[in-house]
Every structure is written in C-alpha cells, then in structure tokens.
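If you read the sequences in order, they're chains A and B.
The first sequence: position 37 = 37 (our numbering), numbered continuously.
Position in the second sequence (first residue = 1) + 1000 = our numbering.
Note that the Cβ used here is the ideal one computed from N, Cα and C, for glycine as well.
Keep in mind that this is a model prediction, so the values were computed, not measured.
Encoded as structure tokens, the structure appears first; notes follow it.
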Amino acid sequence: EAQVTQNPRYLITVTGKKLTVTCSQNMNHEYMSWYRQDPGLGLRQIYYSMNVEVTDKGDVPEGYKVSRKEKRNFPLILESPSPNQTSLYFCASSLSGGDQPQHFGDGTRLSIL
Amino acid sequence: GIQVEQSPPDLILQEGANSTLRCNFSDSVNNLQWFHQNPWGQLINLFYIPSGTKQNGRLSATTVATERYSLLYISSSQTTDSGVYFCAVLPNAGGTSYGKLTFGQGTILTVHP
C-alpha cells in the first residue's frame, strides 16, 4: 500500500531535549516536505526536499533541521525543542512537487513542556 | 502569494442531508486538492482535482480553473463525515517555496444523527 509513515504519532517531552520525527514514503517520490498546523495559523511549510541531498527552507524553518540522505526518508530534527514548537506536524510527499497529488502522513502531535 | 478562501466556515447538518463546500483561489493553479481532517487529526486526501469533475462514492468535486473556484459536494451525509474540510492549491507561478501547498482556512462540518 502506498503510504507516508510518520513516527511517533504522539510525543510529550521537555524543553531542550533533542528529538527526531521520522518520515518515510514507499512511493519512490522525489519531493518531500514538512508542515506544522497550529490553531488560527493553518498549515505552514517548514522545510522541503526536491531530491536526495537537496533541501530548502519553507516559511517557518527556525528551530528545525532536516536531512535527506535516502530518497525514502526525510526526518525532522528539533535540536533544542521549545514550547512554541508544540504543534501537529505533517510530512508530505509527491512525485516531483509540481502538478501531482501530494500524500500526507497521519501526523505527529508534539507537546513540549 | 496566492489567497485561498473557503466557505462556509461552519456547517451543521442532519444525517442524510446534502451540502456544497466552496473554495475560491486568487491565481491560476496546477494542483488543487481537497482533504478531510478527521477528529484524530489525520489529513485524508479526498480529491486531486486541478480541473474538471470527479466522483468517489457520496463525494464529488468540480474545479473550474478559468473562474478560479472548486466545489466539494457531499451527498447523504453521515456522522463520520464530520471534521474539517480543507482545500489546498499549488500556484502555477511557483513562488518562494517549491511545491508548497497553500491551504484554505477550512470548513468545519458537523453532522448530527
């Protein structure tokens, strides 16, 4: 089954403790991206990647890092999480990021205390 | 950047009723998708419909690209249809972030038994 898999689905952690949210897709997609969703602000793009070793900032990249060492994986790294990063996070992928549908993971709900 | 407006913002229905949700966008697009966000936060991909008409069971969608709007029809609504419906677009002209979907603010649908 074609899917985008995020882990964990839920995480409660504390300020400053490094964490990684994993994202994996099995569709051989070149394009992957991360969004965060916050009440009143909607979904905003954090980072995107057009292919292996090619990443770029979205609208709200501060406090986040990403890497794309393999085509299927695009982890989101919070080196020193802070409470304002408490949010619902989504990973998405598509064939090339252009005129093709984007597929979203089930979301990761992060709470930073 | 491109503007996406959805209407109505809220909709309350009795089970069995039909409804139409609208999405207006301010510029030409090469990707338009409708999503349903369920109470668990998952974004379910309903339609990829940059133009034309598609149907999937009780749901159908029409996009008139030349007039910059899309409609989502829900017939014989069920309680499981409750949630938030998002329209998301990718402008033709690109922009500051390749492949970034711009989401509308959503329509909150509540279906009562």
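For H1112 (chain B), the pairing in a beta bridge is given by DSSP as B:Q1014. Cβ-Cβ distances below 7 Å link R1058 (chain B) to I1074, S1075 and S1076 in the same chain, with the five nearest sequence neighbours on each side left out; the list follows chain order. By the C-beta criterion, the region 1024 to 1035 of chain B is judged to be in contact with the region 1003 to 1016 of chain B, since at least 3 inter-stretch pairs fall below 8 Å. Assigned with DSSP and collapsed to three states, D59 (chain A) falls in coil, not helix or strand. At a beta-carbon threshold of 7 Å, the residues of chain A lying near F1103 (chain B) are G42 and L43, ordered along the chain. The contact set of R68 (chain A) on chain B, defined by CB atoms closer than 9 Å, is empty, because the minimum CB distance reaches about 14 Å. Under DSSP, the beta-bridge partners assigned to Q1033 (chain B) are B:Y1048 and B:A1088. Spanning the alpha carbons of L1043 (chain B) and N28 (chain A) requires a straight line of approximately 21 Å. Chain A places no beta carbon closer than 8 Å to that of Q1055 (chain B), leaving this residue out of the contacts. In this structure N1031 (chain B) touches V1089 (chain B) by the C-beta definition: roughly 6 Å separates them, less than 8 Å. For T86 (chain A), the secondary structure class from DSSP, reduced to helix, strand or coil, is coil.
In terms of beta-carbon proximity, L76 (chain A) stays away from the interface with chain B, with every pair separated by 8 Å or more. When C-beta distances to chain B are compared with 9 Å, the residues of the region 88 to 111 of chain A below that value are L88, F90, A92, S94, S96, G97, G98, D99, Q100, P101, Q102, H103, F104, G105, D106, G107 and R109, in chain order. Residue contact check for P1050 (chain B) against chain A: a CB pair falls below 8 Å.
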